[in-house]
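The sequence shown begins at 3 in our numbering and counts up one residue at a time.
Ideal placement from N, C-alpha and C gives every residue a C-beta, glycine not left out.
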Amino acid sequence: MTMPALPTREGERPETGPSVPHVQLTQNSPDEIRENLKHWMSTELPGTVIRPSEISEPGALAFFLDGALPPQGAVLLPPRLNAEFAHVHPDGSLHLSLSFEDQRELLLRGWGERHPLYSAQINVVMLYGPRTADELDVARTVIEASYRYATGRDRVAA
């Protein structure tokens, strides 16, 4: 199942770092939006464990599968490729793994970009940090698609 069609992101793309660490440099999420996003992710993604990222910069909040393996063929974030599926940077942007079809939708609608080290073995895309409540809703849609890709099931609202 692919994620629903996304609206086109308004405005120019933010500037991002050209290499590692791959961070968003402009148009960062306001504090309130970023905190709402982290709270939602911390309470609405069942079967996940939250801890420091194994790959991201210090301060990133990472989401791991809690003892389960992803579906066959799913490639999650390095270094293990089967545990961490998303992390939120201090600037509000995220790195996450998505199916190829969902990546295409994300890129086509201007909501993110591929990681500079992206390859068949490094399935990492950036979702730009949400700037408004409407963009927060879009971010939730993309994160739910990443969760579905990593777990093989839909998120069940509490």
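Legend entry - Spatially closest choice to residue 102 from 33, 18, 90, 115, by CA coordinates: Answer by Cα proximity: 115.
Inset, instruction - Determine the direct distance from the alpha carbon of residue 80 to that of residue 65, and round the result to whole angstroms. - result: So the alpha carbons of these two residues sit roughly 13 Å apart.
Inset, instruction - Give the straight-line distance between the Cα atoms of residue 71 and residue 153, rounded to the nearest whole angstrom. - result: Taking C-alpha positions only, residue 71 is separated from residue 153 by approximately 8 Å.
Inset, instruction - Since I believe residue 3 is in contact with residue 107 (beta carbons under 8 Å), could you give me their beta-carbon distance rounded to a whole number of angstroms? - result: Cβ atoms of residue 107 and residue 3 stay farther apart than 8 Å, at about 13 Å.
Inset, instruction - With DSSP as the reference, please indicate the residues paired to residue 116 in a beta bridge. - result: DSSP, once it has assigned bridges, lists 127 as partnering residue 116.
Legend entry - Alpha carbon of residue 23 to alpha carbon of residue 155, nearest angstrom: So the alpha carbons of these two residues sit roughly 31 Å apart.
Inset, instruction - Using the Cα positions of residue 19 and residue 90, report the straight-line distance between them to the nearest angstrom. - result: Computed Cα separation, rounded: 16 Å.
Legend entry - 7 Å Cβ shell around residue 118 - same chain, five flanking residues per side excluded: Sequence-distant Cβ neighbours of residue 118 in its own chain, meaning closer than 7 Å and more than five residues away, are 20, 21, 22, 24.
Legend entry - Distance CB(residue 77)-CB(residue 105) smaller than 7 Å: No. Outside cutoff.
Inset, instruction - Reducing DSSP to helix, strand and coil, say where residue 10 ends up. - result: Looking at residue 10 - three-state DSSP - the assignment turns out to be coil, as it is neither helix nor strand.
Inset, instruction - From the DSSP output, in three-state form, read off residue 51 for me. - result: It is a strand residue.
Legend entry - Backbone CA spacing between residue 57 and residue 12 [nearest angstrom]: Taking the straight line joining both Cα atoms gives about 30 Å.
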